[in-house]
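Here's the structure, in structure tokens; my notes come after.
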């Protein structure tokens, strides 16, 4: 099943390792590594340095090689991006955008201006 949940094209699985704690790790020919935990959480480590975490509630977290973290909330469709300087940006499905800075200041843009 490797790759389907993470949206990756299926490639040949090279090796599968199951550990005593219920974790299953799959290594693929394209360099991708997938880890499935006993609680259903899945982690995909990509050859380009990205990591994708797939949560049981269908939320998805992407950790980019440059340290930027993008979290997709399945229930609301909102996307939270955390920059390497700690700034957090939120994009909501209604078009609202928020920027939360480390100094406590917030910038909020509403879809109606």
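Numbering (this note's numbering), first residue to last: 49 to 161. Glycine residues also receive a C-beta, built at the ideal position from the N, C-alpha and C atoms. Since the model is a prediction, treat every value here as computed from it, not as a measurement.
| said: Restricting to Cα atoms, I'd like to know which of 113, 86, 119, 142 is closest to residue 101. | reply: Measuring from the Cα of residue 101, the nearest candidate turns out to be 119.
| said: Just to confirm the assignment, what range does the beta strand (DSSP E) spanning residue 76 have? | reply: That run of the beta strand (DSSP E) goes 72–76.
| Candidates 129, 107, 108, 104: which alpha carbon is nearest residue 115's? | Residue 129 is the option with its Cα nearest to residue 115.
| query | Is residue 121 helix, strand or coil when you go by DSSP? | reply | Here residue 121 sits in coil by DSSP.
| With distances taken from CA atoms, which of 156, 160, 79, 103 is nearest residue 139? | Comparing alpha carbon positions, the residue from 156, 160, 79, 103 closest to residue 139 is 156.
| query | Going by DSSP, which residues form a beta bridge with residue 129? | reply | Per DSSP, 118, 137.
| Spatial neighbours of residue 98 in its chain, beta-carbon cut-off 7 Å, leaving aside the 5 residues before and after | Once the five neighbours on either side are set aside, the close Cβ partners of residue 98 are 110, 111, 112, 113.
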